[in-house]
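Down below is the structure, laid out as structure tokens.
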Ligand code: AMP
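Numbering (the working numbering), first residue to last: 138 to 287.
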């Protein structure tokens, strides 16, 4: 089987991003692939149903700036150069797929963990990315039910 050449790591920038990144880094090192990273900023209107009776643009700008510096910090720490960092605004599952396609990635790496409540019914980002993905998808188990090494 051909080795992966371009890997798209999707991070939500929570603490769970590190184990997902570690897996992507190991794969990239083993296959000689170029590692890209994508973070998607969700519009507040998406998160809150689009029906908030106030102007959210200032808050949205602040979120954008925070995400930009957080992504820079994260990518610096794992050695991903600026040209391979992608900060996108939109719906994570769609934009992760689009970023993979635009950058000709042959593997997307996402985290996958147990969901609670309503989010469980709506499905996970990993599921959304998998459906209609333009390439292979690796879902790295993260969170409380990560199998322990014995
Ligand atoms: P979730 O289904 O939201 O728990 O997210 C699972 C995984 O999807 C995360 O570990 C990331 O790999 C990816 N993901 C979720 N949200 C985002 C986001 N806003 N930007 C990029 N990747 C994301």
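Glycine included, C-beta positions come from ideal geometry on N, C-alpha and C.
- In the assembly as shown, residue 174 is a buried residue. Its beta-carbon has 16 or more other beta-carbons within 10 Å.
- When DSSP states are grouped into helix, strand and coil, residue 201 belongs to the helix group.
- In the DSSP secondary-structure assignment, residue 280 is not bridged to any residue.
- With 16 or more other CB atoms across the displayed protein chains lying within 10 angstroms of its CB, residue 145 is buried.
- Closest option to residue 170, judged by alpha-carbon separation, among 241, 205, 204 and 227: 241.
- The ligand AMP has a heavy atom closer than 6 Å to the beta-carbon of residue 149.
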